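Below is one structure, written out as structure tokens, with a few remarks after it.
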Amino acid sequence: MFIFGVLGIVLNRSNLIIMLMSIELMLLAIAFLFLINSIVIDNLIGEILVLMVLTVAAAESAIGLAILVAYYRVRGTIAVKSLNLLRG
Numbered sequence: 003m004f005i006f007g008v009l010g011i012v013l014n015r016s017n018l019i020i021m022l023m024s025i026e027l028m029l030l031a032i033a034f035l036f037l038i039n040s041i042v043i044d045n046l047i048g049e050i051l052v053l054m055v056l057t058v059a060a061a062e063s064a065i066g067l068a069i070l071v072a073y074y075r076v077r078g079t080i081a082v083k084s085l086n087l088l089r090g
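In the working numbering, the protein residues as written are 3 to 90.
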């Protein structure tokens, strides 16, 4: 899953929403590995860490989407090529 996330970022550099979804896929893959590892070694701390990682990933996703919506309302596009207009 992590490789699919990296490929999504590398192959789709023009669409910010796909890049954000790819980052979320990479975070989910890491959380899944933590969960499998904590189940195998029977450690509760790993499962708590997975919950924290998923919480942070959800917050990061919500903030990223809010920024994208605000940027779309101002500029009318969310293309990566138009992001150089953010300079003050």
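Just so you know, even glycine gets a beta-carbon here, dropped at the ideal spot from N, CA and C.
Just so you know, these numbers come straight off a predicted model, no measurement behind them.
Report yes if the C-beta distance between residue i and residue j is below 7 Å; otherwise report no.
i          : j          : result
residue 5  : residue 21 : no
residue 36 : residue 13 : no
residue 70 : residue 80 : yes
residue 15 : residue 76 : no
Where does residue i land, buried or exposed, given buried means 16+ other C-beta within 10 angstroms?
i          : result
residue 54 : exposed
residue 78 : exposed
residue 28 : buried
residue 18 : buried
Would you please state the rounded distance, in angstroms, between the beta carbons of residue i and residue j? I believe it to be under 8 Å.
i         : j         : result
residue 1 : residue 3 : The displayed coordinates of the chain run from 3 to 90. Any statement about residue 1 would go beyond what the structure contains.
When the Cα atoms are used, what is the spatial distance from residue i to residue j?
i          : j          : result
residue 74 : residue 85 : 11 Å
residue 59 : residue 25 : 9 Å
| request: Could you tell me which uninterrupted alpha helix (DSSP H) segments, each at least 4 residues in length, are contained entirely in the stretch 6 to 81, listed from first to last along the chain? | output: Correct list: 18 to 42, 46 to 77.
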